[in-house]
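A.B. asks: First the structure, then my questions, so here it is.
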Amino acid sequence: MHIRTFRAASLQDALEEIRQQMGTDASVLHTRQVRDGWMGWLGRTYVEVTAGLRDSTHTSTSDSLHEDRTEGSTLGDEHESPRRSMFMHSSSMLAGPLQAYREQLIEAGVAASTADRWLQATESFAAGLGESHGPPWMEHLQRSITRELRLAGPIRTQPGSKHIVALVGPTGVGKTTTIAKLAAGFRIEERRRVGLVTIDTFRIAAVQQLEAYAEIMDLPMEVVEKPAQMQPAIERLGDVDLVLIDTAGRSPASDARIDQLVELLQMAQPDETHLVMAATSSVATLRSVLRGFAPARPTAAILTKLDEATSTAGVLSAITASDQFPGIPMSYITHGQQVPDDIQVANAETLLSRLMPNTLQSQHLDAA
Ligand SMILES: Nc1nc2c(ncn2[C@@H]2O[C@H](COP(=O)(O)OP(=O)(O)OP(=O)(O)O)[C@@H](O)[C@H]2O)c(=O)[nH]1
Ligand SMILES: [Mg+2]
Numbered sequence: 001m002h003i004r005t006f007r008a009a010s011l012q013d014a015l016e017e018i019r020q021q022m023g024t025d026a027s028v029l030h031t032r033q034v035r036d037g038w039m040g041w042l043g044r045t046y047v048e049v050t051a052g053l054r055d056s057t058h059t060s061t062s063d064s065l066h067e068d069r070t071e072g073s074t075l076g077d078e079h080e081s082p083r084r085s086m087f088m089h090s091s092s093m094l095a096g097p098l099q100a101y102r103e104q105l106i107e108a109g110v111a112a113s114t115a116d117r118w119l120q121a122t123e124s125f126a127a128g129l130g131e132s133h134g135p136p137w138m139e140h141l142q143r144s145i146t147r148e149l150r151l152a153g154p155i156r157t158q159p160g161s162k163h164i165v166a167l168v169g170p171t172g173v174g175k176t177t178t179i180a181k182l183a184a185g186f187r188i189e190e191r192r193r194v195g196l197v198t199i200d201t202f203r204i205a206a207v208q209q210l211e212a213y214a215e216i217m218d219l220p221m222e223v224v225e226k227p228a229q230m231q232p233a234i235e236r237l238g239d240v241d242l243v244l245i246d247t248a249g250r251s252p253a254s255d256a257r258i259d260q261l262v263e264l265l266q267m268a269q270p271d272e273t274h275l276v277m278a279a280t281s282s283v284a285t286l287r288s289v290l291r292g293f294a295p296a297r298p299t300a301a302i303l304t305k306l307d308e309a310t311s312t313a314g315v316l317s318a319i320t321a322s323d324q325f326p327g328i329p330m331s332y333i334t335h336g337q338q339v340p341d342d343i344q345v346a347n348a349e350t351l352l353s354r355l356m357p358n359t360l361q362s363q364h365l366d367a368a
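One point on numbering: in my numbering, the residue at position 4 of the sequence shown is 4, and numbering is uninterrupted.
This is the structure we're talking about:
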C-alpha cells in the first residue's frame, strides 16, 4: 500500500487534495488535528490526514473494495462521511481488548489521537514479538507508553557546591510538603547539608509551615520577599550543598503573578526548577498548568497525590511529548502526606501500574 500524509486548513480541503493527488480509490487511514507553535501557543490549527492507496493489482478486485471498507472509507464512496470513516478506522483496526482500552483511556481524559497513537504502537509492539493476536495487551500498552515517558532521575548534589532547586506550581498541590520530604531525604539518607528558602510570604501560615519543618530537621531557613533579598538570603544559608526554594501557589491563569514569581526566581538562578502537579487534576487543568508555568522554564515535573488518583493515563498523556508539546521529564512522585516517607524517584513501573482504574485486574485477565 502507498501511504501519504496531507495537511490542510480543514478536513474538506485535505480530502480534496488527497482526491486530486491519489485519486478516488485512496482510503483515509488516520485523521488528527494538529497545532503548530510551542505547546500550541501562537500556532495555527490544521488537519492532518493519512491516506493509503492499494497497489494497482489489487484495486480493481472486489476483495480490495472489501478491504478498503474495513480499513477506512474510499474517497469515492459517497455514502461514508469522513468523520464516520475515521471512527470506523480506529474501531476496526484494533484488536478486541485494545478497543476496550481505547474507551477507558478516552474516559480517563486521554485525547483520542493520543490513545490511537499508544494503541497502534501497542499493536506494532505485539506484532514485533509475534503476539499480534494475544495477551498480554496491558503489558504491551504499558511498554508503549514507557517508551514515550521521559524520566529526569533524582536531584544530583555534589558536596561543597551549592545546588539550587526551586519548586513551583498551582496552589495546594503539595509543594511545601514535597520540599520537606526532599529536605529530609537529602539530609538523612544522602547526608547533605540542606538550606531552605521560602518566597511564599503571601500567607503567614505558609512561612510557619516551612519553619516548622526547618526546626524539626534543624535546617537553616531564609524568607525572601523582594527580588533584591534573594542573593543575600542564599549567601546567609552558608555552606550548604542543596538549597530548596519553596514558592507560593499561583494560578496558571494569572500571568502577572507568574511574572512576579519568575522575577524572584531569576535572582536565585536555580539549577533546576521542578513544576509540581497533582495526579488528581484533570488533563485540561494539567495542560493549562504546563502552559501557564512555561515562563518559569521548568526543567522537570513532580507528580503529587498519586495515592488519590484513580488513573495515571490522563496525566501521562499530558506530560508526554506530542506534536504540540515537547514533553517534560518527571523527577519525583509522591503518594501520601507522610514526611519523609511518601516520595520516590519517578519511575515507569509505579506510574504505569496505575494506568487505568482496573490495570491490575486487566493484567490478571491478560495473564489468564
Ligand atoms: N494525599 C496526598 N496529599 C498530599 C500529598 N502531598 C501533599 N499532600 C497534602 O496536600 C495538602 C497541601 O500541601 P502543601 O504542601 O501545603 O501544598 P502547597 O502546594 O505548598 O500549597 P500552597 O503553598 O498553598 O500553594 C496538604 O494537606 C498535604 O498534606 C500526597 O502525595 N498525597
Ligand atoms: Mg506551600
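Don't be surprised by glycine CBs; every beta carbon is placed ideally from N, CA and C.
1. Between which two residues does the beta strand (DSSP E) holding residue 163 run?
2. Kindly indicate if chain B contains any beta-carbon less than 7 Å away from that of residue 98.
3. So, helix, strand or coil for residue 96, using DSSP?
4. Tell me whether residue 308, by its Cβ, gets closer than 6 Å to a heavy atom of ligand 1.
5. In angstroms with no decimal places, state the Cα-to-Cα distance between residue 60 and residue 93.
6. Please name the residue in 198, 184 and 199 whose C-alpha comes closest to that of residue 192.
7. Report the partner residues of residue 322 according to the DSSP bridge assignment.
8. When DSSP labels each residue in this structure, what does residue 277 get in the three-state scheme?
9. For residue 57, which residues from the same chain have a beta carbon less than 6 Å from its beta carbon, with the 5 sequence-adjacent residues on both sides left out?
10. Determine the extent of the beta strand (DSSP E) in which residue 370 is found, giving its start and end residues.
11. Determine the direct distance from the alpha carbon of residue 229 to that of residue 267, and round the result to whole angstroms.
12. Compute the Euclidean distance between the alpha carbons of residue 350 and residue 335, then round it to the nearest angstrom.
13. With distances taken from each beta carbon to the nearest heavy atom of ligand 2, which residues come in below 5 Å, in chain order?
14. Given residue 356, which residues of its chain have a CB within under 8 Å of its CB, disregarding the five upstream and five downstream residues?
15. In angstroms, rounded to a whole number, what distance separates the CA positions of residue 129 and residue 2?
16. DSSP three-state call for residue 246: helix, strand or coil?
17. Between the C-alpha atoms of residue 264 and residue 227, what's the straight-line distance to the nearest angstrom?
18. Is the separation between the beta-carbon of residue 277 and that of residue 262 shorter than 7 Å?
19. By how many angstroms is the C-alpha of residue 233 removed from the C-alpha of residue 201?
20. What is the C-beta distance between residue 157 and residue 242, in whole angstroms, given that I count them as a contact (C-beta under 8 Å)?
21. Just to confirm my understanding: we take residue 40, look at its own chain, exclude 5 residues before and 5 after, and list those with CB closer than 6 Å. What are they?
22. For residue 215 and residue 182, what's the separation of their Cα atoms in angstroms?
23. Would you tell me roughly how many angstroms separate the C-alpha atoms of residue 274 and residue 13, rounded to the nearest one?
C.D. replies: Inspection of the coordinates gives the following:
1. Start and end: 163-168.
2. Considering every chain present, this structure includes no chain B. It has just one protein chain.
3. helix
4. Indeed, a heavy atom of ligand 1 lies less than 6 Å from the Cβ.
5. Low local confidence applies: a pLDDT of 30 at residue 60 is under 50, so the model's placement there is unreliable, and no value is given.
6. The option with the nearest alpha carbon to residue 192 is 184.
7. 325
8. strand
9. Because the pLDDT of residue 57 is 33, which lies under 50, any placement of that residue in the model is unreliable, and the number read from its coordinates should be weighed accordingly. Closer than 6 Å at the Cβ level, and outside the excluded window around residue 57, lies no residue.
10. Residue 370 cannot be examined here, being either before or after the span of the chain that is shown, 1 to 368.
11. Roughly 9 Å between the two C-alpha positions.
12. Going from the Cα of residue 350 to the Cα of residue 335 covers about 10 Å.
13. 175 and 176
14. 101, 104, 105, 108, 311, 313 and 362
15. 25 Å
16. strand
17. 5 Å
18. no
19. 14 Å
20. The C-beta distance from residue 157 to residue 242 rounds to 5 Å, short enough to fall under 8 Å.
21. Bear in mind that a pLDDT of 40 at residue 40, under 50, signals an unreliable position, so the number given afterwards is only what the model happens to contain. Within the same chain, Cβ atoms closer than 6 Å to the Cβ of residue 40 are found at 324, the five residues on either side in sequence being excluded.
22. 15 Å
23. 42 Å
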